[in-house]
Amino acid sequence: MSDFLTFFGFQDSNVNAVFFSVVLLGFVSGMVGSFNYLKKKALVGETVAHAMLPGIAFAFLLSGVKDPFFLLLGAIFSGWLSIFAVDFLTRSTIIKPDAALAIVLTVFFGGGMMISTYIQQSGSFEQAGLDEYIFGQAAAMSMQDVQVFGFVAAIVLIVVLLFFKSFQLAAFNPDFGTVLGLPIKFYDFLLSTLTIFTIASGIKAVGIILMSALLIAPAATARFWTNKLQTMLLLAGVIGAASGIVGAYISFSYSGMPTGPWTVVALTGFSLVSVFFAPKKGVLAKWNAQRKNRQKILCENILKLAYQLGEMDRQFKAPRSREAISKIRRIPASEWKKGMELIQSQEFGTCVNGQLVMNFKGIEKGKSINRLHRLWEVYLARKMNLRPELVHKDAEAIEHIITPELERDILKELDLCSNFEPLREIHPVVLADR
Amino acid sequence: MDGFWIVLTGTLVASVSGVLGAFLLLRKMSMMGDAISHAVLPGIVIAYLIVGHRASFSLILGAILIGLLTTFMIENLSIKGKLQVDASIGISFTFLFSLGIILISKYANQIDIDTDCVLHGEIAFVPLDTIYWNNMNLGPRPIWILGGTAVLVASFIAIGFKGLYITTFNLDYAKSLGINVIFWHYALMALVSITTVVSFESVGAILVVAFLVIPPSTAYLFTDNFKYMLALTVVFGFLSALFGYSVSVWLNSSIAGSMSVVAGGFLVLGVLFSPKRGLVVRWMRSKRISPHQPAYRK
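Protein chains in written order, with the working numbering: chain D, 1 to 434; chain W, 1 to 298.
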């Protein structure tokens, strides 16, 4: 508890530096990452982050000092070069984007290794500093880092606000933008530049892996909760910042625990929760919708079959057993039981001694499903010129989907009046004739 | 002699990972190499924690398990969770790598292991690690391990070539034939993780990832025939190892880095001069062809 108070009470200046750094960096990466995610370039961050090694090493080789500004410049330059290389490979050769990313990553990183071994062997310099540039030193963040992150965050926010509409177009429909004569390539370049700035500023503090994770996971997570770009950007930023806080807090409370990896674990936690529980897009929501749909189809099928039995002996309210219905189409016992429960709860009828007794509402439902089935068969046979024996299977599926509006349209297409009642399905008639 | 062993090691790694990489390339999963090379870290750490030393067998077992776990996580996130494939890859490997780091931090005082020694093997040390049998020098240990892996991978591909081939080129057709698509996918990924882990120790992560993607891509620029592509991959892998080593001796720089860069150099040559679709050839054709004829497209 005292940890909690120290951490969130902003009493320790070191803690404050880490806190504000992760919040700013997490927020910016979430935002920038969202655009990359939407452009289906989520792994660009991973490549660019690795590709910064040669730039950093080369800048060090040239200047001979570990001046953060020079190293940053080198990182940004080689980041740009790598994005250019990826674009060139994807555009001008048959190499696919994923391979281009992997190629550029390894070649640049290999080049960086060559330069840094060269530096190591020529002695003198504080070479150890370069490694940490790539692998991160989250605990060592200072107020100076906070200023850098604040600066980058301000730039990113301003550019995103100024170019919001253009970026939106570049992310969702670049071809349309090109046709309109907009400089989509320039917008792409600007977005890449923002990505590079973010990575270059963050990589020393958090390392390659956390940087990649921060660019991917918040955006992917936010996408599950919204369809609006503004909301997505904001949400991704908040998720990035929140994970950073979790990571920093765990690292602060448990000695020896690293900030970066715990941030990634928190990020993954957010993603997994969203993948499962997000409304509409989550696995659970989809699974539930599928289950509901299956239940509806089962219910409608039983009512339809019972109605067909009713058509044969003109006794719609007579009790129907599973065996009787299974003579038309087999319903397994377990499904029958489930179907009876559903029919009773939706008040389509009652279950007496395991037999179905439809009420008025149930009879109407069965009638309408039958009607839709036959209507679709007529439509397929007449308008699509399908052979009559082929129409039944298609109608079995579509009968559960046709809405009243669609029904009206079909009737209009067929020049039929709205109370057209096909007496029987087409296919048994045809098959019987043969 | 040292140079010979180093080039041989490089060639072995290049051939094994290149051949597997060719499948990955055509399945548009090249970043899987990078992903698995990061994701196996927790597997290695856990195997180390259980066994207590870096014995190859337990490491390989851990690697296979974690490689399959990574694949499982990526597959489920992208298919069941409807996440973009690249995002699923990114989330999965960063998560597993972080778990590995956390484990290392937690047990730092109990085990002598860090990310450096796991991910940054040094190919220059290969000739030093020799094995003896009855006082007879049998050559470097990594050569034997890599050779064993090469035999394993080669025999698997020879036996399962049809399955791998058909699931790579036409997934839907393979499904319609009743081929177990999932089995081949996981088998390939298991082989990739074995290769990655085995090669880590001797050459370092970056060279494995480089050899997984660059030689197959170069070969891909030269031919449309898959068997030729596999053969060319091995050739380019050998050339990259050979010239990479020469460059590293010349510049006195990192061997793994030089090999990756030289492999990249061959790719650039392929992009420019490939007789089928090189930029130079296309440029010359575009000059020769009159505007009335349809232009040659890649």
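The beta carbon of each residue, even a glycine, is placed where N, CA and C say it ideally should be.
| query | result |
| --- | --- |
| Exposed or buried, what is Arg322 of chain D when buried is set at 16 or more other beta-carbons lying within 10 Å of its beta-carbon? | buried |
| Give every residue of the same chain whose Cβ lies closer than 7 Å to the Cβ of Ala213 of chain D, excluding the five residues on either side of it in the sequence, and list them in chain order. | Val264, Leu267 |
| Flag this pair as yes or no: are the beta carbons of Leu103 of chain W and Pro42 of chain W separated by less than 8 Å? | yes |
| In chain order, what residues of the stretch 272 to 289 of chain W put their CB closer than 7 Å to some CB of chain D? | Arg277, Leu279 |
| Please check if any C-beta of chain W sits within less than 8 Å of the C-beta of Pro437 of chain D. | The structure shown has nothing for residue 437 of chain D, since chain D only spans 1 to 434. |
| Can you name the residues that DSSP bridges to Pro140 of chain W? | W:Thr130 |
| Please say whether Ala63 of chain W and Ile194 of chain W have beta carbons closer to each other than 8 Å? | yes |
| Does any C-beta atom of chain D lie closer than 8 Å to the C-beta of Asp307 of chain W? | Missing from the structure shown is residue 307 of chain W; chain W here goes from 1 to 298 and no further. |
| Round the Cβ separation of Thr47 of chain D and Leu101 of chain D to the nearest angstrom and send it over; I've been treating them as touching at under 8 Å. | 5 Å |
| Which partner residues of Thr218 of chain W appear in the DSSP bridge assignment? | Per DSSP, none; premise fails for Thr218 of chain W. |
| In its own chain, which residues sit with a C-beta less than 7 Å from the C-beta of Thr11 of chain W, not counting the 5 before and 5 after it? | Gly237, Phe238, Ala241 |
| If you check the beta carbons only, do Met143 of chain D and Ala17 of chain D fall under 8 Å apart? | yes |
| Within 8 Å (strictly less), CB to CB, does Val264 of chain D reach chain W? | yes |
| Under 8 Å, Cβ to Cβ, is there at least one residue of chain W near Asp3 of chain D? | no |
| Taking one C-beta from the stretch 228 to 235 of chain D and one from the stretch 41 to 60 of chain D each time, how about it: are there three or more such pairs within less than 8 Å? | no |
| How far does the beta strand (DSSP E) with Gln355 of chain D in it extend, from its first residue to its last? | 355 to 358 |
| Give the straight-line distance between the Cα atoms of Leu272 of chain D and Asp188 of chain D, rounded to the nearest whole angstrom. | 30 Å |
| Alpha carbons only, please: which of D:Gln120, D:Ile410, D:Leu38 is nearest the one belonging to Ala219 of chain D? | D:Leu38 |
| Contact between the stretch 65 to 80 of chain D and the stretch 209 to 228 of chain W: three or more CB pairs below 8 Å? | no |
| Measure the C-alpha to C-alpha separation of Ile209 of chain D and Thr94 of chain W and round it to an integer number of angstroms. | 6 Å |
| Does the distance from the C-beta atom of Leu39 of chain W to that of Ser88 of chain W stay below 8 Å? | The amino acid occupying residue 39 of chain W in the given sequence is Ala; Leu does not appear at that position. Result no, Cβ atoms of Ala39 of chain W and Ser88 of chain W do not sit closer than 8 Å. |
| For the stretch 252 to 266 of chain W, list every residue whose C-beta sits within 8 Å of some C-beta in chain D, in sequence order. | Asn252, Ser253, Ser254, Ala256, Gly257, Ser258, Met259, Ser260, Val261, Ala263, Gly264 |
| Exposed or buried, Arg320 of chain D, counting other C-beta atoms within 10 Å across all chains shown (16 or more means buried)? | buried |
| Could you list the residues in the stretch 35 to 50 of chain W with a C-beta less than 8 Å from some C-beta on chain D, going in chain order? | His38 |
| Find the residues of chain D that neighbour Leu77 of chain W, judging by a C-beta separation of less than 7 Å, and give them in chain order. | Val275 |
| Nearest to Ala205 of chain W by CA position, among W:Leu188, W:Gly257, W:Ala150, W:Val247, is which residue? | W:Gly257 |
| Which residues in chain W have a C-beta closer than 7 Å to the C-beta of Val283 of chain D? List them in chain order. | Lys80, Gly81 |
| Report the residues of the stretch 91 to 107 of chain D with a CB closer than 9 Å to any CB of chain W, ordered along the chain. | Ser92, Thr93, Ile94, Ile95, Lys96, Pro97, Asp98, Ala99, Ala100, Leu101, Ala102, Ile103, Val104, Leu105, Thr106, Val107 |
| Does any residue of chain D have a CB that is nearer than 8 Å to the CB of Ile123 of chain W? | no |
| Where do the ends of the beta strand (DSSP E) carrying Gly64 of chain D lie? | Here Gly64 of chain D belongs to no beta strand (DSSP E), and DSSP marks it neither H nor E. |
| By the three-class DSSP mapping on this structure, what secondary structure does Cys351 of chain D have? | strand |
| Between the stretch 15 to 47 of chain D and chain W, which residues of the former have a C-beta closer than 7 Å to a C-beta of the latter? | Tyr37, Lys40, Ala42, Leu43, Glu46 |
| Can you tell me the Cβ-Cβ gap for Phe58 of chain D and Ile115 of chain D, rounded? I've got them flagged as a contact below 8 Å. | 6 Å |
| Can you round the beta-carbon distance between Asn36 of chain D and Leu215 of chain D to whole angstroms, since I take them to be within the 8 Å contact cut? | 6 Å |
| Which runs of the beta strand (DSSP E), 3 residues or longer, sit entirely within the stretch 217 to 297 of chain W? | none |
| Does Tyr379 of chain D come within less than 8 Å of chain W when only Cβ atoms are used? | no |
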